[in-house]
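The sequence shown maps to residues 5 to 278 in our numbering. All C-beta atoms in this analysis are idealised placements derived from N, C-alpha and C, irrespective of residue type, glycine included. Taking it in order: structure first as structure tokens, then the write-up.
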Amino acid sequence: MSHHVEALDLPGATLDAARMPGHWLLARMGKRVLRPGGLELTQKMLEGLAIASSDHVVELAPGLGTTTRLVLGFDPASYIGVDRDEAAVRSVQRALRPGRDQVRQGAAAKTGLESGSASVVLGEAMLTMHTAEQKAAIIREAHRVLSAGGRYGIHELALTPDDLPESDKSEINRALSDSIHVGARPLTVQEWRQVLSEGGFEVTYSATAPMALLESSRVIADEGLLGAMRITANVLRNPAARQRILEMRAVFRRYASKMCAVTLVARRRELPSA
Ligand SMILES: C[S@@+](CC[C@H](N)C(=O)[O-])C[C@H]1O[C@@H](n2cnc3c(N)ncnc32)[C@H](O)[C@@H]1O
5 MSHHVEALDL
15 PGATLDAARM
25 PGHWLLARMG
35 KRVLRPGGLE
45 LTQKMLEGLA
55 IASSDHVVEL
65 APGLGTTTRL
75 VLGFDPASYI
85 GVDRDEAAVR
95 SVQRALRPGR
105 DQVRQGAAAK
115 TGLESGSASV
125 VLGEAMLTMH
135 TAEQKAAIIR
145 EAHRVLSAGG
155 RYGIHELALT
165 PDDLPESDKS
175 EINRALSDSI
185 HVGARPLTVQ
195 EWRQVLSEGG
205 FEVTYSATAP
215 MALLESSRVI
225 ADEGLLGAMR
235 ITANVLRNPA
245 ARQRILEMRA
255 VFRRYASKMC
265 AVTLVARRRE
275 LPSA
């Protein structure tokens with residue numbers, strides 16, 4: 005994946021490496037794939053979504069637009085991205101087909117899009133960082149924006165196994181949040197299924213992958229050999245970033261056996277009217 009993004013126009017460009025959210029720190033080092041299951045799990049989600057040229061696609065929190073480019077490869081009728089970060093919006097803009105697609109700065113729970121206007125909604129690595137109420141609100145918004153029978157794809161961090169003790173869950177949430185400087189509240193695969201089901205969706209496809217975001221084999225798979233070398237060089241030049249990334253990787257490794265990445269694809273059901 006060789007799209008160039010100006011380093012100064014990246015999200016978090018003005019923040020201090022010791023404090024900024026982990027995903028923007030990785031972006032500043034040159035990382036473009038910022039989701040737990042990597043491109044491989046993204047590809048599975050896209051297979052499950054089966055985007056066709058008749059589809060109207062909405063992507064929540066597209067970040068740097070890596071999945072946007074893959075989605076546009078299916079030549080959908082339209083694409084709209086919604087991200088709350090201004091620099092992310094600019095970087096998605098560069099991937100779009102003029103006159104057909106758009107990206108707006110906004111909140112995933114309140115997109116301002118017309119009800120029933122999309123046939124596909126997707127969002128990766130964005131629900132995990134929200135509270136239970138916010139997760140439900142974003143899922144409700146996906147449901148509202150989708151037309152009857154529409155598909156919703158997610159790709160998030162999960163805890164495993166499904167009966168992991170509550171004490172382990174809170175320990176992992178705390179360790180993750182402290183290292184990535186973003187509130188992280190992953191769910192078990194069963195719980196992810198349940199929040200989709202409660203939000204009016206029927207899960208039709210699921211797949212998991214190890215949480216290996218910062219392992220070199222995954223970095224090479226996601227960013228290519230050259231990309232991985234560029235990231236390594238950037239990290240070696242920046243001691244503050246290096247220290248934080250090593251801390252993040254240490255936490256990911258410590259809990260590797262209790263975490264995974266999950267993608268779920270679900271079909272919109274009618275919700276009983278209140
Ligand atoms: C970890 S990054 C993931 C980016 C991209 N989806 C990927 O997988 O590479 C999280 C992204 O979610 C966006 N985001 C988080 N919460 C959001 C919300 N409530 N509404 C819109 N965007 C949000 C952030 O600005 C950022 O671009």
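Counterpart residues of residue i in DSSP-defined beta bridges
{"i": "Phe205", "result": "Arg272"}
{"i": "Asp87", "result": "Gln109"}
{"i": "Gly157", "result": "Leu126 and Val269"}
{"i": "Met263", "result": "Leu163"}
{"i": "Pro214", "result": "Cys264"}
{"i": "Ser82", "result": "His60"}
{"i": "Lys114", "result": "Ala111"}
Start-to-end residues for the alpha helix (DSSP H) that takes in residue i
{"i": "Ala146", "result": "Ala136 to Val149"}
{"i": "His27", "result": "Gly26 to Arg32"}
{"i": "Ala65", "result": "Unbroken run through Ala65: none, as it is neither H nor E."}
{"i": "Asn238", "result": "Ser220 to Arg241"}
{"i": "Arg39", "result": "It is not in any alpha helix (DSSP H) - Arg39 carries neither H nor E in the DSSP assignment."}
{"i": "Leu100", "result": "Run containing Leu100: none; DSSP gives neither H nor E here."}
{"i": "Arg23", "result": "That residue, Arg23, is in no alpha helix (DSSP H); it is neither H nor E in DSSP."}
{"i": "Thr70", "result": "Thr70 to Leu76"}
beta-carbon residue i near ligand 1 non-hydrogen atom, thresh 7 Å
{"i": "Ala99", "result": "no"}
{"i": "Leu64", "result": "yes"}
{"i": "Met130", "result": "yes"}
{"i": "Gly67", "result": "yes"}
{"i": "Asp226", "result": "no"}
{"i": "Ser89", "result": "Contrary to the premise, residue 89 reads as Asp rather than Ser in this sequence. Yes."}
{"i": "Val86", "result": "yes"}
{"i": "Val37", "result": "yes"}
{"i": "His27", "result": "yes"}
{"i": "Ala216", "result": "no"}
{"i": "Ala244", "result": "no"}
{"i": "Ala213", "result": "no"}
{"i": "Thr72", "result": "no"}
{"i": "Met133", "result": "yes"}
{"i": "Ala140", "result": "no"}
{"i": "Ala136", "result": "no"}
{"i": "Ala113", "result": "yes"}
{"i": "Ala92", "result": "yes"}
Limits of the unbroken beta strand (DSSP E) element including residue i
{"i": "Gly127", "result": "Ala122 to Glu128"}
- [ ] State whether the segment 214-227 contacts the segment 170-186, with contact taken as three or more CB pairs (one from each stretch) at a distance under 8 Å.
- [x] no
Open item on the list: Threshold first: 3 residues or longer. Then list the beta strand (DSSP E) segments lying entirely within the segment 170-196, N to C.
Closed with: none
Task: Cβ contact check for the segment 43-54 and the segment 236-248: 3 or more pairs under 8 Å - done: no
Task: contact_flag[the segment 95-111, the segment 119-134] where n(CB pairs < 8 Å) is 3 or more - done: no
- [ ] Take every Cβ of the segment 96-111, pair it with every Cβ of the segment 64-81, and state whether three or more of those distances are shorter than 8 Å.
- [x] yes
TODO: Would you be able to state if there are at least three C-beta pairs under 8 Å between the segment 84-93 and the segment 19-27?
DONE: no
Task: Contact between the segment 163-179 and the segment 127-147 (3+ Cβ pairs under 8 Å) - done: no
- [ ] Specify whether the segment 123-139 and the segment 58-72 touch according to this definition: at least 3 beta carbon pairs, one from each stretch, less than 8 Å apart.
- [x] yes
Open item on the list: Three Cβ pairs or more, each shorter than 8 Å: is that satisfied between the segment 196-214 and the segment 147-160?
Closed with: yes
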